[in-house]
Amino acid sequence: MLIDAIKAIINPDVAIEVINHNGQGTVILEEKGQDAKLKKVTLRGFDAAQTFAFKLDVEGKRISDYLNPAAEKINKSCDGIIFTCFKNKEYVFICELKSGKPVKKEYLRQFRNSHVFVKYINHLLEEFYSLNFRETVSVKYILFDKHQKNKLNKTKIKAHKIEPEEILSEDNHIFSVYKIHHLSENEFLNIRHLKLD
0 MLIDAIKAII NPDVAIEVIN HNGQGTVILE EKGQDAKLKK VTLRGFDAAQ TFAFKLDVEG
60 KRISDYLNPA AEKINKSCDG IIFTCFKNKE YVFICELKSG KPVKKEYLRQ FRNSHVFVKY
120 INHLLEEFYS LNFRETVSVK YILFDKHQKN KLNKTKIKAH KIEPEEILSE DNHIFSVYKI
180 HHLSENEFLN IRHLKLD
């Protein structure tokens, strides 16, 4: 019901198809920038019927045209947002792809702005559909990078749980971020390999 309601209010032009690959729901996030070295990442392990994904970072669009684009901290967005449910628990994965060295201040602002947008979606669902996922959903941040120095530090994406790293923002908020280094385009991240609890 939650996934259907989210599908109903998100513009279909920004929806990302959830593909069924050998029984696993698969989401492919793509970076369209010409200079992007990390063009796409593949995430698997979802229940396709219980998953909805969309692009938030769309060329020529901002999160809100009503907000000042020159304001330093706002109107930033991540590449993709995935709403899903598995093991009777609801999750929102906010995902960002970085081709170069990730800059903490920059990607944390993108995560925060994207999370604010997720809260806005919740308020819309609460107001007009009598649904409230704020109490039940767990928001997770995933940062993918292809920075060359991290090549030696490649994230092991199989056979063990990937733990988030605690990162302190410029105004002393703590964010738990899963950092996935140097995932090649022919590899995938099984979302169930993340340590979620």
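Each step along the sequence shown adds one to the number in numbering that gives the first Met the number 0, with nothing skipped, and position 129 is 128.
Idealized CB from N, CA, C, for every residue including glycine.
Here the structure is a predicted model, which means the values were calculated and not measured.
Local conformation of residue i per DSSP, three classes
i    : result
N149 : With a pLDDT of only 48 at N149, under 50, the local geometry of the prediction cannot be trusted, and no value is derived from it.
N185 : coil
Q33  : coil
A14  : strand
V57  : coil
K6   : helix
N19  : strand
I27  : strand
I190 : helix
Member of the options whose CA lies at the smallest distance from the CA of residue i
i    : options                : result
H114 : R191, I81, D144        : I81
I2   : D46, Q23, S76, F143    : D46
S137 : S63, L123, D196, K97   : D196
G99  : E169, Y65, K145, I18   : K145
I161 : I173, L123, S168, L188 : L188
G44  : L182, V26, C94         : V26
V176 : K75, L107, D170        : L107
K118 : N10, E58, I93, F85     : I93
N112 : G24, E134, G79         : G79
I15  : K72, E29, A7, E164     : E29
V40  : E186, M0, H192         : E186
R197 : C84, E134, N74         : Outside the shown range of the chain (0 to 196) lies residue 197, about which nothing can therefore be said.
D34  : L167, T135, L96        : L96
K54  : I141, F127, C77, Y140  : C77
I173 : H180, L182, K139       : K139
N87  : T135, A69, L124, I62   : T135
D12  : N67, P68, E58, N121    : E58
Bridge partner(s) assigned by DSSP for residue i
i    : result
S137 : Y90
L195 : In the DSSP output, where bridge partners are listed per residue, L195 has none listed.
L1   : For L1, which the question treats as bridged, DSSP gives no partner whatsoever.
I80  : F53, I93
F85  : K88
D170 : The partner list for D170 (beta bridge, DSSP) is empty, contrary to what the question assumes.
F132 : In DSSP, F132 forms no bridge with anything.
Opening and closing residue of the beta strand (DSSP E) in which residue i lies
i    : result
I166 : 164-167
L248 : Outside the shown range of the chain, which is 0 to 196, sits residue 248, and nothing can be said about it.
Beta carbon proximity, residue i to chain B, threshold 7 Å
i    : result
S168 : Reference to chain B is not applicable here, since this structure consists of a single protein chain.
Element boundaries [alpha helix (DSSP H), containing residue i]
i    : result
Y177 : Unbroken run through Y177 is the beta strand (DSSP E), 173-180; no alpha helix (DSSP H).
F198 : The displayed coordinates of the chain run from 0 to 196. Any statement about residue 198 would go beyond what the structure contains.
Residue i CB to nearest heavy atom of the ligand ZN below 6 Å
i   : result
K31 : In the structure on display, the ligand ZN does not appear, and there are no ligands present to speak of.
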